[in-house]
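This report concerns only the one structure given below.
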Amino acid sequence: MLQRRLHVARAVLHARWVRGPVSQAAFEFLAFGIKQAWACLFGGAMLGLLMLTFLFYPDGALLSRYDFLVLAAVAIQVTMLLTGLETWEEARIILVFHVVGTIMELFKTHAGSWIYPEDSYLRIGAVPLFSGFMYAAVGSYLARVWRIFAFRFTHFPPLWLQGLLAVAIYVNFFAHHWLPDIRLALFAVTVLIYGRCWVQFRPDEAYRRMPLVVGFLLVALFIWFAENLGTFARAWAYPGQEDGWEMVSLAKLGSWYLLMIISFVLVATVHRARPTKFTR
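This note's numbering numbers the first residue of the sequence shown as 166 and each following residue consecutively.
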């Protein structure tokens, strides 16, 4: 119902404001931004909660800030499912990424890669449960942006090959603590696998396209920006941020690029992506 109303509102605005190629280009640019914001609904809500609770959450509250974030994240996720903003099939695959992320959180906090400085009850070891929803936000964005922009692909790699890459990426996040870090090789493999692949997306009426690897880099960049806001809000802290905030290392941009590919493969499995020919 909500999405139908939004489509009707878009049609009314298009008929009222678009009079030629310039106004069409401006309308398409605006539509692209609105659709991106709509796809980021869960992640944007979580980031907003991190900032608001950092600024305004009362000291000494009976419910800790981290526990409040867990309950709020559950409420947002349930609302999105009940309103049809996410499908149950997408929710299942997002849950898988949630679990994948939480397992990595348990290992990385034990290894001292980052810490969660506040106390809470809803946690596993050193990891508050809200952290898994930050990974779920990435999965939610990829699942929603795929549908909202009606993605199509050319030269789309076989899912089994992408799956092998995703497994190698995930294993390296753990193994590099004892074995040589092969992330540079993994970056190269992503280019080999996805280098020929283009994604078509529909910001308004016509399809546009870009190399899929460029899309990966742009999404990873925005996640890195969001992570800077998250650490500024003291939701978690990297070594060197315990006594005062500083920007997250650019090396984390590469980590998010690789981790995001795991989520992309999971969502691609849900959508059963296939290559398509470009249309005009």
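By construction, the Cβ of each residue, glycine as well, lies at the ideal position given by its N, Cα and C atoms. A quick note: this is a predicted structure, and the numbers were derived from the prediction, not measured.
Setting aside the 5 residues that flank it on each side, W343 has no residue in the same chain whose C-beta is closer than 6 Å to its C-beta. Secondary structure at R288: strand, using DSSP grouped into helix, strand and coil.
Contact check for L351 against L431 fails: the beta carbons are separated by 8 Å or more. Short of 6 Å from the beta carbon of Y281, and not among the five residues preceding or following it, lie these beta carbons of its own chain, in chain order: P293, W401. For Q365, the enclosing beta strand (DSSP E) begins and ends at 363-366. Assignment of beta-bridge partners to M375 by DSSP yields V364. Membership of F318 in any alpha helix (DSSP H) is not indicated; the residue belongs instead to the beta strand (DSSP E) covering 317-319.
Along the segment 366-427, the beta strand (DSSP E) occurs as fully enclosed runs of 3 or more residues at 373-376, listed in sequence order. Taken atom to atom, the span from the alpha-carbon of Q406 to that of V235 is near 23 Å. Residue pairing by DSSP puts I280 in a beta bridge opposite A402. Membership of W311 in the alpha helix (DSSP H) is indicated by the continuous run 295-313. Taking 8 Å as the cut-off, the Cβ atoms of V364 and L377 count as close. For P186, the enclosing alpha helix (DSSP H) covers residues 186-204. Under the three-state reduction of DSSP output, V183 falls in the coil class, being neither helix nor strand.
Judged by DSSP in its simplified three-state form, A226 adopts coil rather than helix or strand. Here DSSP, grouped into helix, strand and coil, assigns E270 to helix.
In this structure, the alpha-carbon of M211 lies about 15 Å from that of F221.
Rounded to whole angstroms, the Cβ separation of G208 and A302 is 4 Å, and the two are in contact under 8 Å. Sixteen is the threshold: when 16 or more other Cβ atoms of the shown chains lie within 10 Å of the Cβ of D232, as they do, the residue is buried. Secondary structure of E251 (DSSP, three-state): coil.
Shown here, D232 sits in a helix according to DSSP, grouped into three states. Spatial neighbours of D284 in its own chain (CB-CB distance under 7 Å, excluding positions within 5 residues in sequence) are listed in chain order as S229. Non-local C-beta neighbours of V261 in its own chain, meaning closer than 7 Å and more than five positions away in sequence, comprise L431, ordered along the chain. Separation of R184 and A190 (C-alpha to C-alpha, rounded to the nearest whole angstrom) is 11 Å. With fewer than 16 other beta carbons inside 10 angstroms of its own, V356 counts as exposed. By the Cβ rule, the segment 236-255 does not count as touching the segment 191-202, because fewer than three pairs are nearer than 8 Å.
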